[in-house]
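Worksheet for the structure shown next.
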Amino acid sequence: MTEPAQQWRTGLRARLIAARKAKDNVATAALRSALSAIDNAETPDVPLPRAGAIADSAHGLGAAEVARRHLTEDQIRELIETEADERRAAAGQLRSMGHDDRAVQVEAEAQVLSELLCAD
């Protein structure tokens, strides 16, 4: 069975390709941010070095590889919802500063992200 993060990535990449072909900059930006949010959430915590740059350092084949976190469907949906909420908040701030044109674009990105949650 494919894990939820991989399923989401596959779907998001397919939509991203379609958005890029259609030259839809708003959807492209929103989809890229969703992919990045998933990648960032899967990043494991990095322990602090114990004895400096050389001592206790990993070496050998695969030394730099670490297992990524496994996200559930609910966690991924929450990430995308958070991305949309952050864009709505940013749009409000942009409007308050008189940048209505940029606020419209950011709200459109939030809408693209919200539609992802409804589509799947």
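Per this note's numbering, the sequence shown starts with residue 1435, numbered consecutively.
By construction, the Cβ of each residue, glycine as well, lies at the ideal position given by its N, Cα and C atoms.
Close beta carbons around A1453, own chain, < 7 Å, minus the five adjacent residues each side: A1461, T1462 and L1465
CB of L1550 within 8 Å of CB of I1514, strictly: yes
Three-state secondary structure (DSSP) of M1435: Residue placement at M1435 cannot be trusted, given a pLDDT of 40 that sits under 50; what the coordinates show is reported in the next sentence. Residue state, collapsed to three classes: coil.
Same chain, Cβ closer than 7 Å to M1435, five either side skipped, listed in chain order: Confidence at M1435 is low in this model, with a pLDDT of 40, below 50, so the placement of that residue is unreliable and no value is reported for it.
Span separating the alpha-carbon of A1542 from that of Q1509: 23 Å
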